[in-house]
Structures are given as structure tokens and as C-alpha cells.
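The block underneath contains the structure these notes are about, expressed in C-alpha cells.
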Amino acid sequence: MPEPTTVAFPPAFLFGAATSAYQIEGAVREDGRTPSIWDTFSHTPGRTAGGETGDIAVDHYHRYRDDVALMAELGLTAYRFSVSWSRVQPTGRGPAVQRGLDFYRRLVDELLARGITPALTLYHWDLPQELEDAGGWPERDTAFRFAEYAQLVGEALGDRVEQWITLNEPWCSAFLGYASGVHAPGRTDPAASLRAAHHLNLGHGLAVSALRAAMPTGNRIAISLNSSVVRPLSQDPADLAAARRIDDLANGVFHGPILHGAYPSSLFEATRSVTDWSYVLDGDVRTINAPLDALGLNYYTPTLVSAASGGARGPRADGHGSSDHSPWPAADDVLFHQTPGDRTEMGWTVDPTGLYDLLMRYTREAPGLPLHITENGAAYDDKPDPDGRVHDPERIAYLHAHLAEARRAIADGADVRGYYLWSLMDNFEWAYGYGKRFGAVYVDYATLERTPKSSARWYGEAARTRVLPPVAPGA
1 MPEPTTVAFP PAFLFGAATS AYQIEGAVRE DGRTPSIWDT FSHTPGRTAG
51 GETGDIAVDH YHRYRDDVAL MAELGLTAYR FSVSWSRVQP TGRGPAVQRG
101 LDFYRRLVDE LLARGITPAL TLYHWDLPQE LEDAGGWPER DTAFRFAEYA
151 QLVGEALGDR VEQWITLNEP WCSAFLGYAS GVHAPGRTDP AASLRAAHHL
201 NLGHGLAVSA LRAAMPTGNR IAISLNSSVV RPLSQDPADL AAARRIDDLA
251 NGVFHGPILH GAYPSSLFEA TRSVTDWSYV LDGDVRTINA PLDALGLNYY
301 TPTLVSAASG GARGPRADGH GSSDHSPWPA ADDVLFHQTP GDRTEMGWTV
351 DPTGLYDLLM RYTREAPGLP LHITENGAAY DDKPDPDGRV HDPERIAYLH
401 AHLAEARRAI ADGADVRGYY LWSLMDNFEW AYGYGKRFGA VYVDYATLER
451 TPKSSARWYG EAARTRVLPP VAPGA
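Shown next as C-alpha cells:
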């Protein structure tokens, strides 16, 4: 039985929302910004639904003051955003472009003036195209370029932003970008994806050190991982082994060196047919294992796997888009299954127990490290009523169930400090274009008018009262 809704969240718990630069900003050619890999990818025919791009997105670059005012009206206490690397450092090298940094200075000042805590993500998948032309994340030099970029942003904003995130979902950057090719830069090279994973890890560790040197000591640094809740289809030893294989590729490849100072030996063994890992140099893992102040966790749906009889790879149902290429190097003998239950417009099963399991896992994996749910949310087919209002009872039910699981984890000892709804408003959903609406705020893409959905009001009440409002009948 769910615990009573009158149980309050801790007084300092942050109720926030999250976005990313390419998905909302637009203004892709203004104030010195140059193309990122997502500009190139979205302008390549056949890569995104309907050929849609983030050229305008929802025009947050020009409408940020109104958007921050809307956050304040809703009662949000935190806002997680990302910085566009190519807006700050157009070639991925050299000095910062102050016009680009000025946008983020203005945004942060507006947030602080409204009493909203800013949480800054340095990298949400938009690598400057010139760095990809030089080899991208599979090349070691990209990690050092990322650290230089981190230092520039840290020096510019470290005096007013206390919460920092180095990378968002490096799994997606490495494996969707370089193995399956469903995300930018669209490459399909399993060996390159594993090199990219290591260099993303290395870039994270180098960036932590750069930020520590550039910012006040009280600032807090984290990384956001989309760690999978991997479940075996059965307790058969072959299915358990398949789950361990995917857990290594989804989770261990990142949290191993970041949290524990070592890659899983089973990961090396499982992928030796793809790569020899010779690019992991002496001292790399020590750099990656830089101490963190918090850990961000993004959760949407669990992953259900089994062994494939005879080594055949069946249809994928892991929620990461369709492709002839797998994002899982050296896992062709693993089958992915659709988990039972209601599904969102993304085809992802709604299973809030996975969030609880994830929080408790990292309570054990990283004892003493505060946790933030840096993304959680759902896409539904939201449409305005004739009166212009947007009712989304399914999203309210989704948020209630997942926040209740977060609260249950807190009661069971998890040090969860905040929840960031994905997303603040409807936006460019990567390869899906504008067809999937994750926002608590509805955006009319013809006029760019913003309309808070009923879920935004519900969530705002939760933020103000620190208690989960009831779910309306039928929601």
C-alpha cells in the first residue's frame, strides 16, 4: 500500500525541472555560435523525424526571462540547464567567446533573482563539430579539450552557480552516438564507442580537477548517469549472465572507474573481441576517480534481458530508438524484452519501482554520496482542449508514482537531495524531432506560446508544500 501523501519531503529537497541547450535554445548562428554535432546530424537527411532541427527549437535564447518567470510562477526551486559548448568555445579550442558566456550569465542572474537554484550541466551531447572532425570522443585529445572548456565556464560562472554536472548520460554519447548511430554524430563503430566511453570518463575526471581549480571551494560537482536497472528475464544462469553483461556495458563502464577506481574485469573480458582497451593509459583511472560531491541519476524505464539461444540477437526493446546496429558492443547473444505495464509515447514501460531500486543501489555503491534525480519524466500525446487548457492526467499519475518511490527511498536511508522533472517544456526530442512531448509546459510550435499543463500546476503545488498532492480520479 502506498504511504500516505501527507508525508513530507525534507525541507531542503529541491523540486526542479531540466532542459538541455540544443533542445530549447535555438539561435544556432547568433553571437559567435558555430555548429555542434547535433546541428550537423539534424541537417543530414534521414537522421531526424521529418528532417526537424533545433535551429529555432523553442527560442529559449530570446525568451529566457519569460521562461524563468514561468518557473517562479509554478514554484520550482531549482533549474537544471546545459551550456552549449560551441556557443562558448566555437571550435572547441582557444579562448571563450564572451557573448556566448554572457547569455548564461544573464540566465543565472535571472534565476537567482527569482530564488531558483541553478544547476549547470557542461555537456549534454552537443560536441563542437570541429572536434568531431578531428575524431570526436574516440580520440584522447577531446577529453583534454573538454577540461579546458570546463575551466572557462567555471571561471565565468563559478561565483554564482554552486551545483555543477560534468556530463549528462555519457552512455548515450558513447553508444548511441558511436555504436548504433541513432544519435549524433551517427557513427556505427563498436570499437570507437568503447574508446569514446573511456575518453568521456577521462574528460569527466579532468573537468572535475579543472573546476576545482577554477571555482570556490563550496561549489558541488557531480555527473549525471542514466544507469540502467537491468533485470534478468528469469533466474536461469544464462539469463543472469546476460544481465551481468548488460549491467557492465550500461553501468560498470562508467561507475566502475568514476566511483570505484577500476573498470570491471568482466567488462574487459566480455569486450575483448571488440577492443583491447590499450587506450586506457597509466594514471587514467586515477584521474577519472576524482572525488565527487554528489551523483546525478536519470531514470525512465527498466531494462529486461535474457540470453539468446544459439547466439541470435532478437528484436530490441531497450527504449533507445531503432537501428540496424546495436548500441551494446559484444552483446549480440543478449535479447532485450519489453517489460510489462503501461507505456509512454516513447514505448517505455512505466515502472516507478525501478527508480527506487536505482536509488537504493547507489546508496550501497556510493555510501555517503548525496543523490539527485537529475531526470525523470514521460512523453504523452498532449493536446489543448477547446478552451486552450492542456490536461495531462497520465503525467500527473506518473510523477506521483515516481516521487512516491523517491520518498520511499529516502525513508529507507537514501540521501536524495532533489528531483528534476524532464522536462520543463516541450522541446526538440533529438532524433524524434518535435513529435514527443515531455514537457510540463505545452509549447505551440507554430507560435512558441507556452501553456502550463495540469501536471505543471500539480508539480508546482508539490514544490510549494513538499507534499504530494492527490491524483485526480482516472489519472
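The sequence shown begins at 1 in UniProt numbering and counts up one residue at a time. Beta carbons: idealized from backbone N, C-alpha and C, even for Gly.
Where the beta strand (DSSP E) containing residue i begins and where it ends
| i | result |
| --- | --- |
| Gln163 | Gln163 to Asn168 |
| Leu304 | Thr303 to Ala307 |
| Pro41 | It should be pointed out that residue 41 corresponds to Phe in this sequence rather than to Pro. Careful: Phe41 lies outside any beta strand (DSSP E), inside the alpha helix (DSSP H) at Ile37 to Ser42. |
| Thr121 | Thr117 to Tyr123 |
| Ser86 | No beta strand (DSSP E) holds Ser86; the alpha helix (DSSP H) holding it covers Trp85 to Val88. |
| Val390 | Looking at the DSSP string, Val390 is not in any beta strand (DSSP E), and its letter there is neither H nor E. |
| Val334 | Val334 to His337 |
Continuous alpha helix (DSSP H) stretch holding residue i: start and end
| i | result |
| --- | --- |
| Ile396 | Pro393 to Ala411 |
| Ser454 | Ser454 to Thr465 |
| Ser265 | Ser265 to Ala270 |
| Gly205 | Pro190 to Ala214 |
| Ile246 | Pro237 to Asp247 |
| Val108 | Gln98 to Ala113 |
| Leu287 | Strictly speaking, residue 287 in this sequence is Thr, with Leu absent from that position. Element bounds for Thr287: Asp284 to Ile288. |
| His62 | His60 to Leu74 |
| Val153 | Arg140 to Leu157 |
| Ala21 | Ala21 to Ile24 |
| Leu424 | Careful: Leu424 lies outside any alpha helix (DSSP H) and carries neither H nor E. |
| Leu131 | Gln129 to Asp133 |
One or two residues paired with residue i in a DSSP bridge
| i | result |
| --- | --- |
| Met360 | According to DSSP, which records beta bridges pairwise, Met360 is partnered with nothing at all. |
| Ser224 | Asn168 and Gly296 |
| Asn219 | DSSP, once it has assigned bridges, lists no residue as partnering Asn219. |
| Ile373 | Leu297 and Tyr419 |
| Ser82 | Thr121 |
| Tyr442 | Thr451 |
| Val230 | Thr303 |
| Arg343 | Thr349 |
| Gly16 | Ala78 and Tyr420 |
Cβ shell of residue i (< 7 Å), same chain only, five flanking positions each side left out
| i | result |
| --- | --- |
| Ser455 | Asp392, Arg395, Ile396, Leu399 and Ala440 |
| Trp277 | Phe268 |
| Val471 | Ile396, Ala397 and His400 |
| Leu409 | As written in the sequence, residue 409 is Ala, which differs from the Leu given in the question. Within the same chain, Ala409 has close Cβ partners Tyr356, Leu359, Met360 and Val416. |
| Asn219 | Gly158, Glu162 and Trp164 |
| Asp351 | Thr301, Pro302, Thr339 and Gly341 |
| Arg437 | Ala379, Tyr380, Asp382 and Asp426 |
Nearest-angstrom beta carbon gap, residue j and residue i [assumed within contact, 8 Å]
| i | j | result |
| --- | --- | --- |
| Phe41 | Gly186 | 6 Å |
| Gly413 | Thr363 | 6 Å |
| Ala72 | Ile24 | Actually they do not touch by this definition, with Cβ atoms about 17 Å apart. |
| Trp171 | Ile221 | No, Trp171 and Ile221 are not in contact; Cβ-Cβ is about 19 Å, not under 8 Å. |
| Asn298 | Glu375 | 4 Å |
| Leu76 | Ala17 | 6 Å |
| Ala8 | Arg466 | 5 Å |
| Ala49 | Tyr445 | Incorrect: roughly 13 Å between the Cβ atoms, too far for contact. |
| Val390 | Tyr442 | 4 Å |
| Ala379 | Thr344 | 5 Å |
| Asp160 | Val88 | Going by the sequence as given, residue 160 is Arg instead of Asp. So it is not a contact: roughly 16 Å between Cβ atoms. |
| Gly100 | His60 | That pair is no contact at about 14 Å. |
| Leu295 | Leu371 | 6 Å |
| Arg145 | Tyr279 | Not quite, the Cβ-Cβ distance comes to about 16 Å (not below 8 Å), so this is no contact. |
| Ala69 | Ala119 | Actually they are not in contact, since the Cβ atoms of Ala69 and Ala119 sit about 19 Å apart, beyond 8 Å. |
| Ala307 | Ala207 | Ala307 to Ala207, Cβ: 38 Å. No contact. |
| Gly388 | Thr451 | 7 Å |
| Arg65 | Glu110 | 6 Å |
| Leu421 | Gly377 | 5 Å |
| Glu84 | Ala134 | Note that residue 84 is Ser in the sequence shown, not Glu. Incorrect: roughly 19 Å between the Cβ atoms, too far for contact. |
Close beta carbons around residue i, own chain, < 8 Å, minus the five adjacent residues each side
| i | result |
| --- | --- |
| Leu210 | In the sequence on display, residue 210 carries Ala and not Leu. Once the five neighbours on either side are set aside, the close Cβ partners of Ala210 are Ala147, Glu148, Ala150, Gln151 and Gly154. |
| Ile246 | Ser228, Val230, Thr303, Val305, Trp328, Ala331 and Val334 |
| Arg407 | Glu3, Val7, Phe9 and Leu468 |
| Pro11 | Arg466 |
| Gly32 | Arg87, Pro90, Val97, Arg99 and Gly100 |
Contact set for residue i: own chain, Cβ-Cβ below 6 Å, skip 5 residues either direction
| i | result |
| --- | --- |
| Phe81 | Thr19 |
| Arg316 | For Arg316, the predicted structure reports a pLDDT of 39, less than 50, and the residue's modelled location is therefore unreliable. A value from the coordinates is still provided. Phe336. |
| Thr121 | Ser82, Ile165 and Asn168 |
| Tyr248 | The question names Tyr, but residue 248 in the sequence shown is Asp. Excluding positions up to five away in sequence, the list reads Pro264, Ser266 and Leu267. |
| Tyr300 | Trp348 |
| Ala368 | Note on identity: in this sequence residue 368 is Gly, with Ala being the wrong assignment. Contacts found: none. |
| Asn226 | Glu169, Trp171 and Asn298 |
| Trp458 | Ile396 and Pro469 |
| Glu130 | Thr91 and Gly92 |
For the stretch 198-206 against the stretch 226-235, do three or more pairs of beta-carbon atoms, one drawn from each stretch, fall closer than 8 Å, so that the two count as touching?
No, the stretch 198-206 is not in contact with the stretch 226-235.
Three-pair Cβ contact test at 8 Å for the stretch 170-181 versus the stretch 122-139:
Yes, the stretch 170-181 is in contact with the stretch 122-139.
Would you be able to state if there are at least three C-beta pairs under 8 Å between the stretch 353-368 and the stretch 379-390?
Contact fails: fewer than three Cβ-Cβ distances are below 8 Å.
The stretch 93-100 touching the stretch 50-67, judged by at least three CB pairs closer than 8 Å:
By the Cβ criterion, the stretch 93-100 is not in contact with the stretch 50-67, since fewer than three pairs of Cβ atoms, one from each stretch, lie closer than 8 Å.
Between the stretch 188-196 and the stretch 211-225, can you find at least three pairs of beta-carbon atoms closer than 8 Å?
No, because fewer than three Cβ pairs between the stretch 211-225 and the stretch 188-196 fall closer than 8 Å, the two stretches do not touch.
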